[in-house]
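Worksheet for the structure shown next.
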Amino acid sequence: MQVLFQIAEVRSIQEGTSHHVSLQSLKVVRIDKCNKLRYLFPTSVAESLGQLEVLDISKCLELEEIIPKTEVSNINLQSLREVRVSGCNNLTSLSSLSHGQILEKLSTLRIRDCSRLEYTFPISMAEGLPQLNKVTLEGLPELKGRDGNDIVLTLPSLQELCVDDCPQLTPFIISAKIQIAELRSIQGPSHHVSLQSLKVVAIHNCNKLRYLFPTSVAQSLGQLEELRISECLELEEIIPKTEVSNINLPSPREGFGLQNIIFQSLRLLRLYDLPELPVAWKDPVEVVNFQNLTLLRVDSCRRLRYILSPTIARNLPQLSCLKICECEELEQIIEKDGQTTSQGHHLQPICLPNLTEIDIYKCENLRSLFPMSVAHGLSKLQDLTVWNVSKLEQVFEQSGDEANGSEEKEKVIQLPLLGTLHLETLPNLVRFSPVGYHFVFPSLNDLIVQGCPNISTNFSVDSEESGHAKTEAIRSIDENIVEESTTAQQKTWAIGSDIWWRRQLSSRDEEMNVSFRRCK
């Protein structure tokens, strides 16, 4: 049964005494555009709502309470599973929904565009929401969550949390001592706040945030799978350095289990428009574990100097997609080993064995993507796209441990699955790889080298349509010029010329390609 109210002049839902109105079979209530409503249910009606499962209230501009405080008695919303409230600008909290009564089945709470809402439920409801696991808070300009009244951000049952456009929210999303009104940081031992069920966090347009998680909270995020942070203009750290530095790390002889620290379930990390974030993770980085991270995307973080520390880069076995866009001050994707204090990890090579896609755009201070030591381990790379990176000089640069090696013997590196290679608008690109390296791309389907006038690497395609990128020592201007030519064995382009090449598909390949398109 559904009850739909569309009458603008209704001021409350009340019809006589309780024996005249009984809604014991009601399961879904949707209230829309009832602009004169000040409250929904008097006690006479609310006491009969034991079967109510879904309550959806929208655009009731004068709504102040759901159930009036003066009429509270034996209200029991024992079946309520989902509450959605939007566009109710006189509502300051949801406390009038339960008045302290347990909402034992409430699992989903979505609140949007309520301009006067200051908090959700009072602290007295801390144990009255045992099943609440999905929370969305959007467009709530007065939501503060600072004075101990807001509890939905700290519930141990929480699995999905979305916070969008809540500019007054305290600088710290999750309070470890929520009963302290003047709390300005998330501090205290981890047993005070446990978010062991949290799976999805999306933070958007919370401009007073300076950091997100202290270690005490982050250590309980073992089930977190998705973390999205965007348009938080004052965010400086995700985990503050002062908190990280207080962790007692085991000595080398005791062993160090990265898998037992934090973020071991994180699959997706998305950072967007965080102009004050200088680095994502500060030393000591050993406390951060991304063993299952598959997608890392960073956009418009102008102060970011590097994306990954060497320690984190060595522990990304599942990373498959890396996208970096419009990070003006980015100098390195992986910080060089000498710039961090690692515990003997310099002996372990950096390997990204499952990386399939790299997309870099408009990072004007970036001079190279990766050291050659990383290139050796890119066996599953399928797509490499770099464009509009004005200072880029090399795609792969000489590794420190290979800098003194001989250049006499050509070093061949295969990227067996690389199908797409696009290098576009890179005016300072000198070479694809250091002198003496020969890259082979047996699966190459699409090659674009455009707007790279200074490149000295020779690109070619052989008779088997395998791609090649070879960088040789420059002997003289005359010797270095390679004319564009096409023979039965090989197609070679003049060094520095624009290249657009695509593998000619066989009739069978074309049929398969059409089939795949239809399946998308």
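Under the working numbering, the residues of the sequence shown are numbered 242 to 761, in order.
Quick reminder that beta carbons are idealized off the backbone N, C-alpha and C, glycines included.
These figures come from a predicted structure and were not determined experimentally.
Since residue i and residue j should fall inside the 8 Å C-beta cutoff, what is the C-beta to C-beta distance between them, to a whole number of angstroms?
{"i": "serine 438", "j": "asparagine 374", "result": "7 Å"}
{"i": "glycine 618", "j": "leucine 658", "result": "Actually they are not in contact, since the Cβ atoms of glycine 618 and leucine 658 sit about 13 Å apart, beyond 8 Å."}
{"i": "glutamate 634", "j": "histidine 679", "result": "Contact doesn't hold; Cβ gap of about 19 Å is too wide."}
{"i": "glycine 692", "j": "threonine 666", "result": "4 Å"}
{"i": "serine 707", "j": "leucine 685", "result": "7 Å"}
{"i": "leucine 509", "j": "leucine 545", "result": "Not confirmed; about 18 Å, so no contact."}
{"i": "valine 286", "j": "leucine 264", "result": "6 Å"}
From the DSSP output, which residues share a beta bridge with residue i?
{"i": "glutamine 731", "result": "Asp703"}
{"i": "alanine 766", "result": "Shown here, the chain extends from 242 to 761; a query on residue 766 therefore has no answer."}
{"i": "glycine 708", "result": "Phe682, Val702"}
{"i": "threonine 349", "result": "Glu323, Lys375"}
{"i": "glutamine 691", "result": "Glu665"}
{"i": "histidine 445", "result": "Asp405, Ser471"}
{"i": "glutamine 745", "result": "Its beta-bridge partners do not exist; DSSP assigns none."}
{"i": "threonine 535", "result": "The partner list for threonine 535 (beta bridge, DSSP) is empty, contrary to what the question assumes."}
{"i": "valine 626", "result": "First, the residue type needs correcting, since residue 626 is threonine and not valine in the sequence shown. Threonine 626 pairs with Asp600, His663."}
{"i": "valine 520", "result": "Tyr547"}
{"i": "lysine 564", "result": "Arg538, Asp600"}
{"i": "arginine 511", "result": "Arg469, Arg538"}
{"i": "tyrosine 280", "result": "Glu306"}
{"i": "tyrosine 452", "result": "Glu478"}
{"i": "isoleucine 762", "result": "Lying outside 242 to 761, the shown extent of the chain, residue 762 is not represented and no answer is given."}
{"i": "arginine 555", "result": "DSSP, once it has assigned bridges, lists no residue as partnering arginine 555."}
{"i": "serine 461", "result": "Beta-bridge pairing links serine 461 to no other residue."}
{"i": "serine 609", "result": "Gln635"}
What number of angstroms, rounded off, separates the C-alpha of residue i from the C-alpha of residue j?
{"i": "asparagine 681", "j": "leucine 378", "result": "In the sequence as presented, asparagine is not what sits at residue 681; that position holds valine. Distance between the alpha carbons of valine 681 and leucine 378 is about 51 Å."}
{"i": "alanine 714", "j": "leucine 670", "result": "16 Å"}
{"i": "glutamine 745", "j": "glutamate 705", "result": "11 Å"}
{"i": "tyrosine 547", "j": "glycine 677", "result": "28 Å"}
{"i": "proline 408", "j": "lysine 385", "result": "8 Å"}
{"i": "valine 539", "j": "valine 627", "result": "15 Å"}
{"i": "glycine 498", "j": "histidine 709", "result": "Since pLDDT at glycine 498 reaches only 34, below the 50 mark, its modelled position is unreliable, and no value is offered."}
{"i": "valine 520", "j": "cysteine 566", "result": "15 Å"}
{"i": "aspartate 514", "j": "proline 363", "result": "33 Å"}
{"i": "proline 612", "j": "leucine 688", "result": "22 Å"}
{"i": "proline 558", "j": "serine 356", "result": "45 Å"}
{"i": "glutamate 383", "j": "asparagine 331", "result": "12 Å"}
{"i": "isoleucine 502", "j": "glutamine 292", "result": "The predicted position of isoleucine 502 is uncertain, since its pLDDT is 48 and thus under 50; no value can be drawn from it."}
{"i": "valine 690", "j": "lysine 564", "result": "19 Å"}
{"i": "leucine 512", "j": "arginine 469", "result": "6 Å"}
{"i": "cysteine 562", "j": "arginine 555", "result": "16 Å"}
{"i": "lysine 449", "j": "threonine 284", "result": "40 Å"}
{"i": "phenylalanine 413", "j": "isoleucine 479", "result": "Caution applies to phenylalanine 413, whose pLDDT of 45 falls short of 50 and renders its modelled position unreliable; the value that the coordinates give is listed next. When rounded, the distance between both Cα atoms is 11 Å."}
{"i": "alanine 417", "j": "leucine 350", "result": "Caution is warranted here: a pLDDT of 36 is assigned to alanine 417, below 50, making its placement in the model unreliable, and the coordinate value is therefore given only provisionally. When rounded, the distance between both Cα atoms is 22 Å."}
{"i": "aspartate 703", "j": "leucine 560", "result": "31 Å"}
{"i": "arginine 494", "j": "isoleucine 553", "result": "The predicted model places arginine 494 with a pLDDT of 34, which falls under 50 and marks its position as unreliable; any figure quoted below should be read in that light. Those two C-alpha atoms are separated by around 21 Å."}
{"i": "valine 630", "j": "tryptophan 522", "result": "24 Å"}
{"i": "threonine 464", "j": "cysteine 301", "result": "In the sequence as presented, threonine is not what sits at residue 464; that position holds glutamine. Glutamine 464 and cysteine 301: Cα-Cα distance of roughly 38 Å."}
{"i": "valine 442", "j": "phenylalanine 531", "result": "16 Å"}
{"i": "aspartate 578", "j": "proline 551", "result": "6 Å"}
Please identify the residue among the options whose C-alpha is closest to the C-alpha of residue i.
{"i": "glutamate 359", "options": "Val376, Ser365, Ser334, Glu345", "result": "Ser334"}
{"i": "lysine 621", "options": "Leu656, Glu570, Leu510", "result": "Leu656"}
{"i": "glutamate 303", "options": "Arg279, Asn317, Leu321", "result": "Arg279"}
{"i": "serine 339", "options": "Glu306, Val326, Asn556, Gln505", "result": "Glu306"}
{"i": "proline 516", "options": "Leu476, Asn530, Ser506", "result": "Leu476"}
{"i": "isoleucine 444", "options": "His679, Val295, Cys473, Thr597", "result": "Cys473"}
{"i": "leucine 764", "options": "Gly692, Glu466, Lys346, Arg271", "result": "This structure does not reach residue 764, given that the chain is present from 242 up to 761, and the question cannot be answered."}
{"i": "asparagine 354", "options": "Ser320, Thr698, Val404, Ser336", "result": "Going by the sequence as given, residue 354 is aspartate instead of asparagine. Nearest C-alpha to aspartate 354: Val404."}
{"i": "glutamate 638", "options": "Ser471, Ser674, Leu402", "result": "Ser674"}
{"i": "glutamine 372", "options": "Ser631, Thr284, Glu401, Gln460", "result": "Glu401"}
{"i": "cysteine 624", "options": "Ser707, Trp734, Gly660, Val653", "result": "The displayed chain sequence assigns aspartate, not cysteine, to residue 624. If we check each option's Cα against that of aspartate 624, Gly660 comes out closest."}
{"i": "phenylalanine 282", "options": "Lys577, Lys310, Val393", "result": "Lys310"}
{"i": "alanine 616", "options": "Cys604, Glu345, Ile343, Val636", "result": "Val636"}
{"i": "serine 738", "options": "Pro683, Gln731, Pro668, Ser707", "result": "Pro668"}
{"i": "glutamate 467", "options": "Glu572, Phe454, Phe504", "result": "Phe504"}
{"i": "alanine 367", "options": "Leu381, Gly380, Gln342", "result": "Gln342"}
For the alpha helix (DSSP H) containing residue i, name the first residue and the last one.
{"i": "isoleucine 654", "result": "From DSSP, isoleucine 654 is part of no alpha helix (DSSP H) but of the beta strand (DSSP E) over 652 to 655."}
{"i": "valine 376", "result": "Unbroken run through valine 376 is the beta strand (DSSP E), 375 to 379; no alpha helix (DSSP H)."}
{"i": "serine 614", "result": "613 to 616"}
{"i": "threonine 597", "result": "Threonine 597 -> no alpha helix (DSSP H), and no H or E assigned at all."}
{"i": "leucine 338", "result": "336 to 339"}
I'd like the span of the beta strand (DSSP E) that includes residue i, first residue to last.
{"i": "leucine 321", "result": "Leucine 321 -> no beta strand (DSSP E), and no H or E assigned at all."}
{"i": "serine 299", "result": "295 to 299"}
{"i": "isoleucine 548", "result": "547 to 549"}
{"i": "valine 636", "result": "635 to 638"}
{"i": "isoleucine 574", "result": "573 to 575"}
Closer than 6 Å to a non-hydrogen atom of the ligand NAP - does that hold for the CB of residue i?
{"i": "glutamine 265", "result": "You won't find the ligand NAP in this model; it holds no ligand whatsoever."}
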